[in-house]
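Single-structure report; data block below.
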Amino acid sequence: MHAITIPQPGGPEVLTWAKVADPVPAEGEVLVEVAATAVNRADLLQRQGFYPPPPGAPEYLGLECSGRIAALGPGVSGWAVGDEVCALLAGGGYAELVAVPVGQLLPIPRGLGLVAAAALPEVAATVWSNVFMVAHLRAGETVLLHGGASGIGTMAIQLAKAVGATVVVTAGSEKKLARCKELGADVLVNYREQDFVQAVGEATGGHGADVVLDIMGAKYLSRNVDALAVSGRLVIIGLQGGRSAELDLGTLLAKRAAVVATSLRPRPLAEKAAIVAAVREHVWPLVESGVVKPVIDRVLPLAEAGEAHRALEAGEQVGKVVLQA
Numbered sequence: 115m116h117a118i119t120i121p122q123p124g125g126p127e128v129l130t131w132a133k134v135a136d137p138v139p140a141e142g143e144v145l146v147e148v149a150a151t152a153v154n155r156a157d158l159l160q161r162q163g164f165y166p167p168p169p170g171a172p173e174y175l176g177l178e179c180s181g182r183i184a185a186l187g188p189g190v191s192g193w194a195v196g197d198e199v200c201a202l203l204a205g206g207g208y209a210e211l212v213a214v215p216v217g218q219l220l221p222i223p224r225g226l227g228l229v230a231a232a233a234l235p236e237v238a239a240t241v242w243s244n245v246f247m248v249a250h251l252r253a254g255e256t257v258l259l260h261g262g263a264s265g266i267g268t269m270a271i272q273l274a275k276a277v278g279a280t281v282v283v284t285a286g287s288e289k290k291l292a293r294c295k296e297l298g299a300d301v302l303v304n305y306r307e308q309d310f311v312q313a314v315g316e317a318t319g320g321h322g323a324d325v326v327l328d329i330m331g332a333k334y335l336s337r338n339v340d341a342l343a344v345s346g347r348l349v350i351i352g353l354q355g356g357r358s359a360e361l362d363l364g365t366l367l368a369k370r371a372a373v374v375a376t377s378l379r380p381r382p383l384a385e386k387a388a389i390v391a392a393v394r395e396h397v398w399p400l401v402e403s404g405v406v407k408p409v410i411d412r413v414l415p416l417a418e419a420g421e422a423h424r425a426l427e428a429g430e431q432v433g434k435v436v437l438q439a
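For the sequence shown, the numbering used here begins at 115 and goes up steadily by one.
Given below as structure tokens:
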């Protein structure tokens, strides 16, 4: 098969379309012929040499894909060769073939094509596991979403609105905020011009955000805690703003609040399977009814993965950048 390889860590220009060995599905895996994949920030870090795949995962980039089952490994039931699927991956999506643990497979939602479905698994699993399984966002609560125009942000807006929450988003341009509003965001904060802590306080009458989903890490830590409501939950899923910061535990204690940091890629197979099952149960019906839609900024050929990485690094996109095989 062919795959995007990384001969040496570096910029987008190092990504190389090359012939490599075909994967072979192991016990409990299926082989998927990739129709499309999508770009995530973890891919950029891996390309730079900062985020190696977990042990046993494919060495190639790509944390999600869509396609058709080409072969079944030993012990697999419930799926057949030719089934159209999408999947959460620990790696390997930037390729023509990928072996996938059966617990990480999802059917293509009714009414959605293969290319659009490639934009769903990673963001749906990330948002559902963190905002709902960890932070337990409920109807009537307020959630603050940083990076509202990102792939994760655009999915989180839609799912939070679907359960009846009030959504506050941050983004760095009026164009991105306008798109967030179209998706249902209630309060729009341009982080270049506004203080999001003040904006949350004003929007909630001083109550604060019950849930904060954060991609920035250290840079926003103290202000995120300031923005929390009593019994609020801060979930950190990214470190774009650094990994080390001071935390005033007195403020946290006074608010009886929780700070949780999670990652999805290195989790054990059983935990990923449980998350994927929850996504199928709770998110897929919303996609099939049209309440939640994949937000795709652009679709590029897989061989042009470098251009897709440049777009993501420049912060040009709203939603996902998809690579079509």
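Quick reminder that beta carbons are idealized off the backbone N, C-alpha and C, glycines included. All values reported here derive from a predicted model rather than from experimental measurement.
query: Name the DSSP bridge partner or partners of residue 180?
result: Translated into the one-based positions of the sequence shown, residue 180 becomes position 66. The partner list for residue 180 (beta bridge, DSSP) reads 150, 200.
task: Compare the beta carbon distance of residue 386 and residue 218 with 9 Å and say whether it is the shorter of the two.
output: For this step, residue 386 is matched to residue 272 along the sequence shown. For this step, residue 218 is matched to residue 104 along the sequence shown. Result yes, Cβ atoms of residue 386 and residue 218 sit closer than 9 Å.
- prompt: Where does the unbroken alpha helix (DSSP H) through residue 336 begin, and where does it stop?
  reply: Numbered from 1 along the sequence shown, position 222 holds the residue referred to as residue 336. Its alpha helix (DSSP H) spans residues 335 to 341.
- prompt: Can you round the beta-carbon distance between residue 344 and residue 365 to whole angstroms, since I take them to be within the 8 Å contact cut?
  reply: Here residue 344 refers to the residue found at position 230 when the sequence shown is read from its first residue. Here residue 365 refers to the residue found at position 251 when the sequence shown is read from its first residue. In fact, because the Cβ distance is near 11 Å, the residues do not count as touching under 8 Å.
task: Return helix, strand or coil for residue 131, following the three-state DSSP convention.
output: By 1-based counting over the sequence shown, the position of residue 131 is 17. Residue 131 falls in the strand class under three-state DSSP.
- prompt: Would you say the beta carbon of residue 366 comes nearer than 8 Å to a heavy atom of the ligand COA?
  reply: Ligands displayed in this structure: none; no statement on the ligand COA is therefore possible.
message: Applying the 10 Å Cβ sphere with the 16-neighbour rule, what's the burial state of residue 278?
response: For the purposes of this step, residue 278 is taken as the residue at position 164 of the sequence shown. Under this definition residue 278 is an exposed residue.
- request: Keeping to the same chain, check which residues put their C-beta closer than 6 Å to that of residue 417; ignore five residues upstream and five downstream.
  value: Mapped onto the sequence shown, residue 417 falls at position 303. Closer than 6 Å at Cβ, skipping near neighbours: 131.
- prompt: Which same chain residues, not among the five before or five after residue 380, have their C-beta less than 7 Å away from its C-beta?
  reply: Residue numbering aside, residue 380 sits at position 266 when the sequence shown is read from its first letter. Around residue 380: 168.
- request: Specify, as a first and last residue, the run of the beta strand (DSSP E) that residue 328 falls within.
  value: What you label residue 328 is simply residue 214 of the sequence shown in a count that begins at 1. It spans 323 to 328 - the beta strand (DSSP E) in which residue 328 sits, taken as one unbroken run.
message: List, from N- to C-terminal side, the alpha helix (DSSP H) runs of 4 residues or more that fit wholly inside the segment 248 to 305.
response: 265 to 276, 288 to 297
- prompt: Going by Cα to Cα distance, which pick from 423, 266, 429 is closest to residue 124?
  reply: Working through the sequence shown from its first residue, we reach residue 124 at position 10. For the residues 423, 266, 429, the minimum Cα distance to residue 124 belongs to 423.
- prompt: Should residue 257 and residue 143 be called a contact, given that it needs their Cβ atoms to be closer than 9 Å?
  reply: For the purposes of this step, residue 257 is identified with residue 143 of the sequence shown, where counting begins at 1. For the purposes of this step, residue 143 is identified with residue 29 of the sequence shown, where counting begins at 1. No; because the gap between Cβ atoms is not below 9 Å, this pair is not in contact.
task: Using 10 angstroms around the beta-carbon of residue 250, count the other beta-carbons present and answer buried if the total reaches 16, otherwise exposed.
output: Residue mapping note: residue 250 aligns to position 136 of the sequence shown, counting from 1. Exposed is the call here.
Beta-carbon spacing of residue 335, residue 351 below 9 Å: Numbered from 1 along the sequence shown, position 221 holds the residue referred to as residue 335. Numbered from 1 along the sequence shown, position 237 holds the residue referred to as residue 351. No, Cβ-Cβ distance for residue 335 and residue 351 is not below 9 Å.
Residue 303 burial status per 10 Å Cβ neighbour count (16 or more: buried): As a position in the sequence shown, residue 303 is number 189, starting the count at 1. So residue 303 ends up on the buried side.
Rounded separation between residue 158 and residue 192 - CA only: As a position in the sequence shown, residue 158 is number 44, starting the count at 1. As a position in the sequence shown, residue 192 is number 78, starting the count at 1. So the two alpha carbons sit approximately 35 Å from each other.
- prompt: Is the Cβ of residue 244 closer than 9 Å to any Cβ of chain D?
  reply: Among the protein chains of the structure shown there is no chain D, as only one such chain exists.
- request: Throw me the rounded Cβ distance for the residue 397 and residue 273 pair, which I believe falls under 8 Å.
  value: Numbered from 1 along the sequence shown, position 283 holds the residue referred to as residue 397. Numbered from 1 along the sequence shown, position 159 holds the residue referred to as residue 273. About 7 Å; that satisfies the 8 Å criterion.
task: Using alpha carbons as the reference points, say which of 312, 268, 311 lies closest to residue 293.
output: Locating residue 293 in the sequence shown gives position 179, where the first residue counts as 1. Looking at the Cα atoms, 268 is the closest of the given residues.
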